[in-house]
Every structure is written in C-alpha cells, then in structure tokens.
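Participant: In this text, residue positions in the sequence shown follow the working numbering: the first is 379, and each later residue adds one. Positions of the beta carbon are idealized from the N, C-alpha and C atoms, including for glycine. In this text the structure is predicted, and so the values were computed from the model without any measurement.
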Amino acid sequence: MSPFKGQTGLKRIFNAAGYSLDGLRAAFKGEAAFRQLVLLNVLLIPTAFWLPVSRAERAIMIAVCMLGLVVELFNSAVEAAIDRISLERHPLSKNAKDMGSAAQLVSLVMVALVWGVILL
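This is the structure we're talking about:
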C-alpha cells in the first residue's frame, strides 16, 4: 500500500491539489505541445465568449478546448511512464506512444469539427 494513501479530509484535498499543480507545472515546463495547447486555449476560450452563440454552444466549444489539454496531459504521462521503464526502442512502447499521439490528434480534430459545426 502506498504511504501517500493514508491522508484523509482536508489534508488529502490540499495534498491532491498540490500534486495537480505540480503536474501542470511539469507539463508546462517540459512539454512544448502542452504549451502550444495552452496558447490555443488562451485564444479560443475568450473568442467563444465574444462570438454570438448560445450558452450551450459556448459551453461545448470551451469543453472541447479543455479536453485537448486533458488528452495532452494523459499523452505526456504515458510517454513519461514509457521512458521511465526504458529508453530502448520496443514495439509496445512505440504503440503506446503512438496511441497517445493519436488520441491527441482525435481531440484536436474534435475541436475543429465542433467549432466548425457551430460557426458554419
């Protein structure tokens, strides 16, 4: 059992928030793709508030933008875990990294499709 699992109550919540912030910092500092998506979101999310769309459409436009960040965080986590195990080339490692990249591609296509359907 993990020694980090023993916390309860507010201490657990504060610890979890700290770990989450550490993860965001690590992604922003070490992952160019994450920084690029943050920049894209900095542009798209305010634009969603400026556009004449319904609240539901605006919420969906913002949600798919945020989903792109979530997928990139998972993709980066998979890549880090694979690299931690071994830096040697292996077909399963390649598959795992390629699938993470494919998930990110799908999320970006979803952003483009949702924005396109709503705006066109």
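Would you mind working out which of LEU483, ILE463, CYS443 and HIS468 sits nearest VAL418, comparing C-alpha positions?
Facilitator: Checking the sequence shown, residue 418 turns out to be Leu, not Val. Among LEU483, ILE463, CYS443 and HIS468, the Cα nearest to that of LEU418 belongs to CYS443.
Participant: Excluding the five sequence neighbours on either side, which residues of its own chain have a C-beta within less than 7 Å of the C-beta of SER485, listed in chain order?
Facilitator: Excluding positions up to five away in sequence, the list reads LEU445, GLY446 and VAL449.
Participant: Classify SER454: buried if its beta carbon has 16 or more other beta carbons within 10 angstroms, exposed otherwise.
Facilitator: SER454 should be labelled buried.
Participant: Give the single residue among GLU409, GLY401 and MET439 whose Cα lies nearest to the Cα of LEU491.
Facilitator: Of the listed residues, the one whose Cα sits closest to LEU491 is MET439.
Participant: Within 10 Å of its beta-carbon, does GLY478 have 16 or more other beta-carbons around it, so buried, or fewer, so exposed?
Facilitator: Buried, since its Cβ has 16 or more Cβ neighbours within 10 Å.
Participant: For the stretch 385 to 450, list the alpha helix (DSSP H) runs that are entirely contained and at least 4 residues long, ordered along the chain.
Facilitator: If we require 4 residues or more, the alpha helix (DSSP H) runs fully inside the stretch 385 to 450 come out as 387 to 408 and 410 to 428.
Participant: Does the distance from the C-beta atom of ALA437 to that of VAL456 stay below 8 Å?
Facilitator: Not a contact, by the Cβ cut-off of 8 Å.
Participant: Measuring straight from C-alpha to C-alpha, what distance separates ARG467 and ALA458?
Facilitator: Whole-angstrom Cα-Cα distance: 14 Å.
Participant: Under DSSP, the alpha helix (DSSP H) around LEU483 begins and ends at which residues?
Facilitator: Start and end: 469 to 497.
Participant: By how many angstroms is the C-alpha of LEU483 removed from the C-alpha of GLU409?
Facilitator: Rounded to the nearest angstrom, the two C-alpha atoms are 16 Å apart.
Participant: How many whole angstroms separate the CB atoms of LEU451 and GLY401, which I take to be in contact at a CB cut-off of 8 Å?
Facilitator: Sure, about 7 Å apart at Cβ, within 8 Å.
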